Amino acid sequence: IGLTALSSEKTASLIGQLRNIAKKENCVVASLVRWIRLFLKCCLVRRMQESLLDFPGGFIFIKGVLMHHNQQVFSPCYDEILRDIILPAQAQETQWSSQARGRIGAVAASL
435 IGLTALSSEK TASLIGQLRN IAKKENCVVA SLVRWIRLFL KCCLVRRMQE
485 SLLDFPGGFI FIKGVLMHHN QQVFSPCYDE ILRDIILPAQ AQETQWSSQA
535 RGRIGAVAAS L
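FYI, in this note's numbering the residues of the sequence shown are 435 to 545.
This is the structure:
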């Protein structure tokens, strides 16, 4: 693809950075985990507040990347959750409209 290979020094640095990210004590990981736990706790304990939906100041620069990653990773889960919500609602709506048609038909027949 026309790119030059990384030098051994840059390769070692990149590997070190990637290994560092996996550690619990990594400051970025720790900040993300703290923010996620706070967000979930607030969602469970109190009504969700608009201010909690905002990204913390330090993450605003990577908001797009985080949102894209979230969408790529969790999209199948979101699809399943939405399917579980939407399909029963559609079935119930269909049931209600068929019941309403039945009532309208009964009223019309009695006239």
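Backbone N, C-alpha and C fix where the C-beta goes; we use that ideal spot for every residue, glycine too. Since the model is a prediction, treat every value here as computed from it, not as a measurement.
- By the criterion of a C-beta distance shorter than 7 Å, residue 461 is surrounded by no residue of its chain, once the five residues flanking it on both sides are discounted.
- With a contact defined as Cβ atoms closer than 8 Å, residue 465 and residue 492 qualify at about 7 Å.
- Your pair residue 455 and residue 463 checks out as a contact, with CB atoms roughly 6 Å apart and the cut at 8 Å.
- By the criterion of a C-beta distance shorter than 6 Å, residue 457 is surrounded by no residue of its chain, once the five residues flanking it on both sides are discounted.
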